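Peer 1: Counting along the sequence shown from 1, when you hit position 58 you're at 79 in UniProt numbering, and nothing is skipped either side.
No residue lacks a Cβ here, since even glycine has one placed at the ideal position from N, Cα and C.
Please read all numbers here as calculations on a predicted model, not as lab measurements.
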Amino acid sequence: GMWPEDVGILELQLVVPGTYVDQTELEKFHGVSAGKYTIGLGQDKMGFCSDREDINSLCLTALSQLVEKSGISYSDIGRLEVGTETILDKSKSVKSVLMQLFEESGNHDVEGLDTTNACYGGTSALMNALSWVESSAWDGRLAVVIAGDIAIYAEGAARPTGGAGAVAMLIGPNAPLVIERGLRSTYMAHAYDFYKPNLDSEYPVVDGKLSIECYLKALDKCYQSYCQKARKLSGLTGESNDAVGINSFDGIVFHSPFCKLVEKSFARLVLNDFLSTPQELIPQLYPGLDLFKGVKLEDTYFNREVEKGFMAFSKELFNRKTKPSLLLSNQVGNMYTASLYGGLVSYLCSKPIQELVGQRVGLFSYGSGLASSMYSIKIIEGPKLTKLLSNLKSVIPLLNSRKKIDPTEFSKTMEIREVNHSKAPYKPVGSLSWLFPGTWYLNQVDENHRRTYQKI
Ligand code: HMG
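1) Any chance you could list the alpha helix (DSSP H) runs of at least 4 consecutive residues sitting entirely within the stretch 304-342, in chain order?
2) Per the DSSP calculation, residue 189 is bridged to which residue(s)?
3) Cα separation between residue 48 and residue 162?
4) Which term fits residue 60, buried or exposed, when burial requires 16 or more other beta carbons within 10 angstroms of its beta carbon?
5) Give the straight-line distance between the Cα atoms of residue 267 and residue 438, rounded to the nearest whole angstrom.
6) Is residue 180 helix, strand or coil when you go by DSSP?
7) Report buried or exposed for residue 375, applying the criterion of at least 16 other Cβ atoms within 10 angstroms of its Cβ.
8) Go to residue 86, then tell me how far its alpha helix (DSSP H) extends in each direction, as first and last residue.
9) Mark residue 81 as exposed unless 16 or more other C-beta atoms lie within 10 angstroms of its C-beta, in which case mark it buried.
10) My guess is that residue 102 and residue 175 are in contact by the Cβ rule of under 8 Å, so how many angstroms apart are they, rounded?
11) Would you check if the stretch 22-32 and the stretch 197-215 touch, i.e. whether three or more CB-CB distances between them fall below 8 Å?
12) From this set, 391, 221, 384 and 411, which residue's C-alpha is nearest residue 399's C-alpha?
13) Is residue 71 buried or exposed, if buried means 16 or more other CB atoms sit within 10 Å of its CB?
14) Looking only at C-alpha atoms, which of 419, 362, 179 and 128 sits nearest to residue 230?
15) Fully enclosed by the stretch 247-286, which beta strand (DSSP E) runs are 3 residues long or longer?
16) Taking the straight line between their C-alpha atoms, what separation do you get for residue 66 and residue 440?
17) If we count Cβ pairs, one from each stretch, closer than 8 Å, do we get three or more for the stretch 177-196 versus the stretch 355-365?
18) State the DSSP-derived secondary structure class of residue 476, mapped to helix, strand or coil.
19) Here's the rule: buried if 16 or more other CB atoms are within 10 angstroms of the residue's CB, otherwise exposed. What is residue 455?
20) Could you have a look at residue 384 and say whether DSSP puts it in helix, strand or coil?
21) Taking the CB atoms as reference points, tell me whether residue 462 and residue 453 lie closer together than 8 Å.
22) Check each candidate in 203, 114 and 341 and name the one with the smallest Cα separation from residue 137.
23) So, helix, strand or coil for residue 374, using DSSP?
24) Decide if residue 221 is buried, meaning its Cβ has at least 16 other Cβ atoms within 10 Å, or exposed.
25) Does the Cβ-Cβ distance between residue 403 and residue 140 come in under 8 Å?
26) Per DSSP, residue 431 forms a beta bridge with which residues?
27) Pick out whichever of 165, 381, 368 and 24 has its Cα sitting closest to the Cα of residue 414.
28) Determine, using beta carbons only, whether residue 250 and residue 204 come nearer to each other than 8 Å.
29) Drop a sphere of 10 angstroms on the beta-carbon of residue 276, count the other beta-carbons inside from all chains shown, and report buried for 16 or more, exposed for fewer.
30) Which first and last residues belong to the alpha helix (DSSP H) in which residue 144 is found?
31) Could you say which of 85, 431, 206 and 24 lies nearest to residue 395 if we only look at CA atoms?
32) Decide if residue 153 is buried, meaning its Cβ has at least 16 other Cβ atoms within 10 Å, or exposed.
33) With burial defined as no fewer than 16 other Cβ atoms inside 10 Å of the residue's Cβ, what is the status of residue 105: buried or exposed?
34) Over what stretch of residues does the beta strand (DSSP E) that includes residue 207 continue unbroken?
35) Is it the case that the CB of residue 233 approaches a heavy atom of the ligand HMG more closely than 7 Å?
36) Are there any heavy atoms of the ligand HMG lying less than 7 Å away from the beta-carbon of residue 218, as far as the coordinates show?
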């Protein structure tokens, strides 16, 4: 019939800032104990932008590079969505700013706008794009989704968990990364764990501990409901079933606010599997974990013994299925909406094509406030996969060609952003030498807050 086959991701384009601060240097600069950010949080480098970049310029770069690399033209795009929580304007969308790039093609028939809820906006935008391709409104053209953010925190405990970046995705039928149908679970609830009530500031209000609890609870709920759907879809009713549980995934990618939480989250999926395993199979399947048989999930968010036991037990599985997805999180930091998709990019960069073909990858998306979903991707062999992967070959050289900036200058740069965040007129002062060639940047803000951009 009319339903297009194998709808999913055709191309991925990553954008990261040209500058970073080293987390070991940041530990010294902040006067915290050595290892707190690098070992405690699992973060090595943090990407950041000067006042030369804002969410519009990041997305202009992401879209223009996606179009260039994938060899499509602007008139091939029928829908464009942006997921971001980096808000510059309460009315005008980032998407509308991106329409400047369509001007030359004459294509103004482009559906879609911005979606916002913390780190989840990119996933919501992706779901919208997939729905469009699978709907009666689809006109045969492609969709583009951009997840992008500038993640910065006020000085204090959360500052080392910042980052910045964008991932643009080309969406359409017959894709090499197919979003599996009928396997999507969602958990949403009201929480004040991380939010941005102060419209004059780029900084969020954060309850760090609550945010971790909310994240882990959302993970449990999404995973349980995903497993239920997988069990139903498999047609097998028995408790142990290869179509369900951690072994049904070759890779699992998580929203990553910092790498350590993802390592704990992986162990939590194993804990969930453990708790749904028939008692008599536990000694054989989970040797050494017998003592945790009676635990209740909701009592274990900060239970050190459970955490340690399951992290040790799952270490080898974690190293195989999830660690490869943490390259960008470790090297750039939290990119908010782009963090999960940076995880997917990292995973795809970590393995040769022969290994990736046929794999199933699970994805967990979390946005504070809170919204979360779990879904999965199947990797399909063919020339489109070869093209997607060869376009990602530039990722590691790009990371390695960034400029390291010392913490004093990083801190000054944050102050400049802070003071001038909503100033008009404003002329950015950041050095153009910090930008990669091909980057769009903020040229100026006029007296009526109108922003203009240029490309270096
Ligand atoms: P903190 O309170 O400074 O850190 O803030 P801590 O004292 O808990 O230490 C962190 C870890 O380092 C601990 O590990 C320490 O033991 C360890 P744990 O015990 O928990 O495993 N540690 C050390 N390890 C080795 N050597 C040392 C050392 N010292 C300490 N010398 C916190 C940490 C994450 C709370 C803070 O950075 C924060 O508030 N960050 C922002 C919020 C956040 O990232 N939340 C994550 C979940 S919510 C989410 O993902 C959504 C989000 O992306 C936003 C959105 O949706 O838009 C954030």
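Peer 2: Working from what's here:
1) 325-342
2) Here residue 189 corresponds to residue number 168 of the sequence shown, with the count starting at 1. DSSP lists 34 and 167 as partners of residue 189.
3) The residue given as residue 48 occupies position 27 in the sequence shown. The residue given as residue 162 occupies position 141 in the sequence shown. Those two C-alpha atoms are separated by around 49 Å.
4) In the sequence shown, counting from the first residue as 1, residue 60 sits at position 39. Exposed, because fewer than 16 other Cβ atoms sit within 10 Å of the Cβ of residue 60.
5) Residue mapping note: residue 267 aligns to position 246 of the sequence shown, counting from 1. Residue mapping note: residue 438 aligns to position 417 of the sequence shown, counting from 1. Roughly 43 Å separates the two Cα atoms.
6) As a first step, residue 180 must be located in the sequence shown, where it is residue number 159. Looking at residue 180 - three-state DSSP - the assignment turns out to be helix.
7) The residue you call residue 375 lines up with position 354 of the sequence shown. The residue is exposed, with fewer than 16 neighbouring Cβ atoms inside 10 Å.
8) Numbered from 1 along the sequence shown, position 65 holds the residue referred to as residue 86. Unbroken alpha helix (DSSP H) run through residue 86: 76-91.
9) Within the sequence shown, numbered from 1, the residue matching residue 81 stands at position 60. Counting Cβ neighbours within 10 Å, residue 81 comes out buried, since at least 16 surround it.
10) Your numbering for residue 102 matches position 81 in the sequence shown. Your numbering for residue 175 matches position 154 in the sequence shown. Rounded, the Cβ-Cβ distance is 30 Å, inconsistent with contact.
11) yes
12) In the sequence shown, counting from the first residue as 1, residue 399 sits at position 378. Minimum Cα distance to residue 399 is reached at 384.
13) Mapped onto the sequence shown, residue 71 falls at position 50. The residue is buried, with at least 16 neighbouring Cβ atoms inside 10 Å.
14) By 1-based counting over the sequence shown, the position of residue 230 is 209. Checked all of 419, 362, 179 and 128; the closest Cα to residue 230 is 179.
15) 272-275
16) As a working mapping, residue 66 is identified with position 45 in the sequence shown. As a working mapping, residue 440 is identified with position 419 in the sequence shown. So the two alpha carbons sit approximately 25 Å from each other.
17) yes
18) For the purposes of this step, residue 476 is taken as residue 455 along the sequence shown, with counting starting at 1. Note: residue 476 maps to strand in three-state DSSP.
19) Position 434 of the sequence shown, counted from the start, is the residue given in the question as residue 455. Buried is the call here.
20) Along the sequence shown, one-based indexing puts residue 384 at 363. Residue 384: strand per DSSP, three-state reduction.
21) Position 441 of the sequence shown, counted from the start, is the residue given in the question as residue 462. Position 432 of the sequence shown, counted from the start, is the residue given in the question as residue 453. Closer than 8 Å, so yes.
22) Sequence index remark: in the sequence shown, residue 137 carries index 116 (1-based). The shortest Cα separation from residue 137 among 203, 114 and 341 belongs to 114.
23) Looking up residue 374 in the sequence shown gives position 353. Helix at residue 374.
24) Position 200 of the sequence shown, counted from the first residue, corresponds to residue 221. Flag for residue 221 reads exposed.
25) Residue mapping note: residue 403 aligns to position 382 of the sequence shown, counting from 1. Residue mapping note: residue 140 aligns to position 119 of the sequence shown, counting from 1. Their beta carbons are not under 8 Å apart, which means residue 403 does not touch residue 140 by this criterion.
26) Taking the first residue of the sequence shown as 1, we reach residue 431 at position 410. Paired residues: none, contrary to the question.
27) The residue labelled residue 414 in the question sits at position 393 within the sequence shown. Answer by Cα proximity: 368.
28) Reading the sequence shown from its first residue, position 229 is the one you call residue 250. Reading the sequence shown from its first residue, position 183 is the one you call residue 204. Yes, these two residues count as a Cβ contact at 8 Å.
29) Counting from 1 along the sequence shown, the entry for residue 276 is found at position 255. Burial call: buried.
30) On the sequence shown, residue 144 is found 123 positions in, with the first residue counted as 1. Residues 142-154.
31) Taking the first residue of the sequence shown as position 1, residue 395 is located at position 374. For the residues 85, 431, 206 and 24, the minimum Cα distance to residue 395 belongs to 206.
32) Numbered from 1 along the sequence shown, position 132 holds the residue referred to as residue 153. Its Cβ being crowded by 16 or more others within 10 Å, residue 153 is buried.
33) Numbered from 1 along the sequence shown, position 84 holds the residue referred to as residue 105. Buried, by the Cβ-count rule.
34) The count along the sequence shown starts at 1 and reaches residue 207 at position 186. Its beta strand (DSSP E) spans residues 198-209.
35) For this step, residue 233 is matched to residue 212 along the sequence shown. At least one heavy atom of the ligand HMG is nearer than 7 Å to the Cβ of residue 233, so yes.
36) Position 197 of the sequence shown, counting from 1, holds the residue named residue 218. It does not: the Cβ of residue 218 is nowhere closer than 7 Å to a heavy atom of the ligand HMG.
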